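Residue numbers (my numbering): 1 to 646. The structure under discussion appears below in the form of structure tokens.
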Amino acid sequence: MTASDLGDRGRQWLDRLFAGDTSIPAITPVTLPPADRTVAEHAAVARAAACRDLFVIHADPAVGERVIVDVARAITDRVLVLSPNPGAADRVTERLLKYGVPVLRALADDENPTRPSPAVSKVTSVAIGTGRAEQARRDAVAEVAAAEAKIAAFASVSKALARLTEVNDSLVRLDTDLAERTVVRDRIEADLRAETDTPFTLALAKLQTDHDDAAAKLASELQAAGASHTEKDTVLTQARHVLAEAARKPGFLSRLFSSKAKPGTADPVDLEKQVHTLETEAAALADQVRELQAKLDASRATIAAECAALVANELTSRRAASETAIAAIEDERTRALAEVAALNKVITAAVPDDDYATAQQRLTTAREKAAQLTRSESSVAARIVVGTPGSLGTDPVFAALTTDPPFGVLVLDRAEELPEAEFPRLARLAERWVLVGHALPADDPRPPSNHNRSRGPRPGQAEGPFTVRLAKTLDREAWAIEGDRFVCRLAHLTPDQRRMVTREPLADRPEIELRFTTTDADPQLAEIAFPNHVTVAAAKSLLFHELGEVLLRPCGDLCWTHGAEAITATWSADSGSDGVWIDLEAGVREKVVGAGPFAFTVAVSFDPAAGWDAERAAAWVAARLPAPSQSRFAALPRTPGSRPGA
1 MTASDLGDRG RQWLDRLFAG DTSIPAITPV TLPPADRTVA EHAAVARAAA
51 CRDLFVIHAD PAVGERVIVD VARAITDRVL VLSPNPGAAD RVTERLLKYG
101 VPVLRALADD ENPTRPSPAV SKVTSVAIGT GRAEQARRDA VAEVAAAEAK
151 IAAFASVSKA LARLTEVNDS LVRLDTDLAE RTVVRDRIEA DLRAETDTPF
201 TLALAKLQTD HDDAAAKLAS ELQAAGASHT EKDTVLTQAR HVLAEAARKP
251 GFLSRLFSSK AKPGTADPVD LEKQVHTLET EAAALADQVR ELQAKLDASR
301 ATIAAECAAL VANELTSRRA ASETAIAAIE DERTRALAEV AALNKVITAA
351 VPDDDYATAQ QRLTTAREKA AQLTRSESSV AARIVVGTPG SLGTDPVFAA
401 LTTDPPFGVL VLDRAEELPE AEFPRLARLA ERWVLVGHAL PADDPRPPSN
451 HNRSRGPRPG QAEGPFTVRL AKTLDREAWA IEGDRFVCRL AHLTPDQRRM
501 VTREPLADRP EIELRFTTTD ADPQLAEIAF PNHVTVAAAK SLLFHELGEV
551 LLRPCGDLCW THGAEAITAT WSADSGSDGV WIDLEAGVRE KVVGAGPFAF
601 TVAVSFDPAA GWDAERAAAW VAARLPAPSQ SRFAALPRTP GSRPGA
């Protein structure tokens, strides 16, 4: 996002707000570091630091300066604090320094850099930047001159330098080639076994095909011989069986030794001859099968050996070629290194204690440093910059900041002095904005703790300055002062809804006014207006007992303590200040600190004797905790007797 976009965003925010757009997201407060602050200040700072757009804090100058410091400390982004009052800017700077926060005090042209307090004078751009910048410029000029002189000294060996550049470039190429060749050599076998459709793979495939043809012929002959042998064995088995059967018949021996056989009987001699003949033939076929199998096995072994030999020969050939190429590169590299050494010897003799590449790098670095110092007169490490609007165009800190926008957060002190037309211009400096100053109408009471009545607004009075209109638009607070009324808001009313509000006195308490919104459904209670003298404790008690409303307003992290006499929920923003306890339902009390619209819930206590246990108490609190607020406005009471700068 460009600075122009941010300025447009600031203008767009104003247009949306003043046109009645209420679609703004809720704010989840940040966790604050420990500090001496009131609960109201804690709530305002925690929400302002978390707000991602625009937040307005109503505060008198003394309180405002304290809150500005607290907001700046709570934000991790780069922060710009602008005050129209140079003295206020000095006091804010001093407070930040007391907390150990890195801060820079930006000065306008009409501000004397030695005028602020001693502590502030040490953190101005003049104090931080002038001495350092001047010395840095002198050093940079000297470095550039020395580097240029060194480069000039190399002119006498310009031809050697030119050749050195060529050889160095050649060395880079040779190193690259050597690395690539080494990788190829190391994966020769893997590449050979993976390759397809090459002369080598075609030769290997032809060798295998020729073998497969011869092997197929032998396999066919082996199959035929095996079949003949099997058939011959079957006939031999049958002949042996016939001979055996004949031998078991009577008179076999007499027929065997007789010259004649009886008619109708087998001749034993013939049977014997037949069996002998079959045995001879079967043995011959078995020998043939063994011979063919041996030939087939020998053929397979031969082709395997021939393939392995072919692969081995190819690997040997390729490795030899690769090693030859690598050796050639290494030889060339060795010659190049020798030439570099010789050239450097010549150059070093002319320009001792340096080499041309180093001298060039030094000159480049020196020129870049000098250019950077020319663009920026000071180097800023401070996260927070405090100044006046007049310092924006004059203090060198703003020229040194190159990010767009230069700040994460812009905090405007005494914002009531800010014209509306100036806000979009200043909005370009940051992504989000916090305005601190008088933001309530001049005639609206800003009551101290005694709740004295104040005058109501004068009829026909103008709407007020820019911050007043902003605050009115951004205000979503549950408690507020309206003229001589102390108002509890149960809902946020748009301007159109407020014009349609109906008002009725509370039965038996006519001084208390109930305000209803009119909708298509039944009227809804939106606000309860009490007389200004009613304390917040009395108002909260009446809200619960008459209307059943419990309006907790906690601030900080929730913590539980469990004792025999009470189970208590407390919130971390309270440091043990005195407060008022309000009885709600049986066994439940709420502790409130602060007065009027500045009152906050700091504890809720549950009595075990009334039947409360930890689980039931936690459920009660969870059901009544308010949701994160959309309000981008906080009002802070004036510290009695305080003065700006006190």
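The beta carbon of each residue, even a glycine, is placed where N, CA and C say it ideally should be. For clarity, every value in this text was computed on a predicted model and none was experimentally measured.
Per DSSP, the bridge partner or partners of Ile384: Val79 and Val103
So is Leu202 buried or exposed if we call it buried at 16+ other beta carbons inside 10 Å? exposed
On the DSSP letters alone, give me the boundaries of the alpha helix (DSSP H) that Phe598 sits inside. Per DSSP, Phe598 belongs to no alpha helix (DSSP H) and is neither H nor E.
Helix, strand or coil, according to DSSP, for Lys122 in the structure here? coil
Suppose contacts are defined by Cβ-Cβ distances below 8 Å. Is Leu14 in contact with Phe423 by that definition? yes
Does DSSP put Cys555 in a helix, a strand or coil? coil
May I have the straight-line CA-CA distance separating Glu291 from Ala239, to the nearest angstrom? 27 Å
Does Arg548 pass the burial test, meaning 16 or more other C-beta atoms within 10 Å, or should it be called exposed? Inspection of the sequence shows that residue 548 is occupied by Gly rather than by Arg. Classification for Gly548: exposed.
So, helix, strand or coil for His562, using DSSP? strand
Counting only the same chain and skipping the five closest in sequence on each side, list residues whose C-beta sits under 7 Å from that of Ser117. Asp90 and Glu94
To the nearest angstrom, how far is the alpha carbon of Ala462 from that of Phe486? Summary for Ala462: the model assigns pLDDT 44, below 50, so the residue's position carries little reliability, and this model does not support an answer.
Residue span of the alpha helix (DSSP H) that contains Trp620, given as start and end: Ala614 to Arg624
Ranges of the alpha helix (DSSP H) found wholly within the region 488-574, counting only runs of at least 4: 495-499 and 536-547
Sufficient close CB pairs (3 or more, under 8 Å) joining the region 33-45 to the region 591-606: yes
From the DSSP output, in three-state form, read off Asp583 for me. strand
Given a cut-off of 8 Å on the beta-carbon distance, is the pair Leu236 and Glu279 in contact? yes
My output table needs one value for Ser631: the three-state DSSP class, helix, strand or coil. coil
Could you pull the DSSP bridge partners for Ala480 from this structure? Val487
Would you say Val103 and Ala430 are within 8 Å of each other, going by their C-beta atoms? no
Helix, strand or coil for Glu195? Go by DSSP, reduced to three states. coil
Would you kindly report the start and end of the unbroken alpha helix (DSSP H) that includes Glu41? Val39 to Ala50
Using a Cβ-Cβ cut-off of 8 Å, state whether Leu243 counts as contacting chain D. Here there is only one protein chain, and chain D is not present.
Please confirm whether Ile24 and Ala50 have their CB atoms less than 8 Å apart. no
Residue range of the unbroken alpha helix (DSSP H) whose run includes Leu418: Unbroken run through Leu418: none, as it is neither H nor E.
Per DSSP, which one or two residues make a beta bridge with Ile57? Val436 and Ala634
Shortest alpha-carbon distance to Ala366 belongs to which of Thr517, Glu143 and Ala19? Glu143
Enumerate in chain order the residues of its own chain whose CB-to-CB distance from Pro86 is below 7 Å, with the five nearest sequence positions on each side excluded. Glu111 and Thr388
Can you name the start and end residues of the alpha helix (DSSP H) that Gly655 belongs to? The structure shown does not extend to residue 655, since the chain is modelled only from 1 to 646, so the question has no answer here.
Nearest-angstrom Cα separation, counted from Thr348 out to Glu323: 36 Å
Contact set for Val120: own chain, Cβ-Cβ below 7 Å, skip 5 residues either direction: Asp90, Thr93, Glu94 and Arg105
Taking the C-alpha atoms as reference points, what is the distance between Arg458 and Gly10? Only weak support exists for where Arg458 lies, its pLDDT of 47 falling under 50; the value from the coordinates is given anyway. So the alpha carbons of these two residues sit roughly 32 Å apart.
For Ser220, count the other beta carbons within 10 Å of its own beta carbon; 16 or more makes it buried, fewer makes it exposed. Which is it? exposed
Just the C-alpha distance for Phe407 and Pro29, rounded to the nearest angstrom, thanks. 21 Å
Within 10 Å of its beta-carbon, does Gly20 have 16 or more other beta-carbons around it, so buried, or fewer, so exposed? exposed
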